[in-house]
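Here is the structure we will look at, set down as structure tokens.
Protein chains in written order, with this note's numbering: chain S, 279 to 432; chain W, 246 to 533.
Put into structure tokens, the structure is as follows:
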């Protein structure tokens, strides 16, 4: 069984033919070539596949693409460019909030969603918001410092 | 969209990665269609937010052959009617955290919802899904038992109302028939003089709690505690009513140390006893 799914990805319409078992992660990475969403555990534990669905962070490995009909999806590719980083990305760079970078796109998207809802989070708010995103390099201190940095506000 | 050159060759779905077994998919348009579909196909399973089902499918611990998506039924209304709160089964945990009506009429649900998983899980996960999944560590079933809630299920014979305390029978097992769809949760709105708290302990924020407890106290107009309802999660095979452990609180006004110690001592599980005393203390303060 293949199903036609229409989505809006990074403000552009997209249409894909998928098996129902293909996840939103499969669609953004394998069908659309948006490889900023990373396939880590693919069972909802690591958070590396985080994208924004309807503006809210979701684990794209725990959402089947067929569930996303007509919904807006935003991936890390919608934010910043190598020569013009998004303020959250730049704060991550300055605070050493990344080493290998595998968790970083998901961390940045989660931080962007947090700051959109709460522009002045306390450290505990930041830690709670990022609790579902695992990083095995940094020990989180640089990540938390980056999100708390006032210059990270868009 | 990226330039076409960046699109990589698609990996074969079954080579590497973690992938659900094949299934068919139906977007249901009415509860009746869900019930008919469930009755016609025993491999069919309802999906709401999918935050418990999708991981089980990814690990192939669950292999439904047909997923019936209930999102288009829009079972996500929250309303106060005749003094009671009615919550659509498709209401997400995030909505429970943010909805002004929930904050006012059932602050315990707001607190319990905020403890579930991570923000990205709460955006998708639903109250009905949590109840139907019946994970013994889940917060909402315990909170709803303590609040004296009931759930409404629709099946081939029509509607049925089930007390939340009678819903789960064991680990991931409920009294819902395979052909029934949970559509609504009903509970009394918080009254003047009532206070509630949910306390749990998990090794890391967002992990499944090792133990948790919901406590609801009600003071009479003189400020004396007239009733305590409590339910625990994480420590048994279902959310269990533990109101009996709080019998000594009736007639009291303050969370005296000796009272808290007495309550804690009524639990065999030391951590749960500590959490019960903490939740009672908070609930009494909030009921002031």
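We treat Cβ as the ideally placed atom computed from N, Cα and C, and that holds for glycine.
Excluding the 5 residues flanking it on each side, residue 389 of chain W has same chain C-beta neighbours closer than 6 Å at 409, in chain order. Secondary structure note for residue 295 of chain S: its beta strand (DSSP E) is the uninterrupted segment 290-296. Among the residues facing chain S, residue 264 of chain W is included, as its CB has a counterpart in that chain under 8 Å away. Look at residue 443 of chain W here: in three-state DSSP terms it is strand. Along the length of the region 337-412 of chain S, whole alpha helix (DSSP H) runs at least 4 residues long occupy 365-372, 382-395 and 401-408, reported in chain order.
Looking from the CA of residue 364 of chain S, the closest CA among S:425, S:299 and S:294 belongs to S:425. Straight through space, the alpha carbons of residue 405 of chain S and residue 411 of chain S are spaced by roughly 10 Å.
Cβ neighbours of residue 395 of chain W within its own chain (closer than 7 Å, five residues either side excluded): 406, 407, 408, 409 and 431. The continuous alpha helix (DSSP H) containing residue 502 of chain W extends over residues 502-510. For the pair of segments examined, the region 326-340 of chain W was found to touch the region 429-443 of chain W: the number of CB pairs separated by less than 8 Å reaches three.
Interface annotation, residue 410 of chain S: in contact with chain W, CB-CB separation under 8 Å.
Nearest CB-CB separation between residue 369 of chain W and chain S: below the 8 Å threshold.
The alpha-carbon of residue 294 of chain S is positioned some 38 Å away from that of residue 399 of chain S. Looking from the CA of residue 525 of chain W, the closest CA among W:489, W:466, W:460 and W:496 belongs to W:460.
Sequence-distant partners of residue 431 of chain S (beyond 5 residues in either direction) whose C-beta falls short of 7 Å from its own C-beta, in its chain, are 365, 393 and 397. Membership of residue 359 of chain W in the alpha helix (DSSP H) is indicated by the continuous run 352-359. The beta-carbon separation of residue 386 of chain W and residue 475 of chain W, rounded to 13 Å, does not stay under the 8 Å limit for a contact. Per DSSP, the continuous beta strand (DSSP E) segment holding residue 399 of chain W begins and ends at 395-400. Residues of the region 333-363 of chain S with a C-beta less than 8 Å from any C-beta of chain W: 334, 335, 336, 337, 339, 340, 341, 342, 344, 345, 347 and 355, listed in chain order. Looking at the backbone, the Cα of residue 308 of chain W and that of residue 407 of chain S are separated by about 32 Å.
Runs of the alpha helix (DSSP H) lying entirely within the region 276-301 of chain W and spanning at least 4 residues, in chain order: 276-285.
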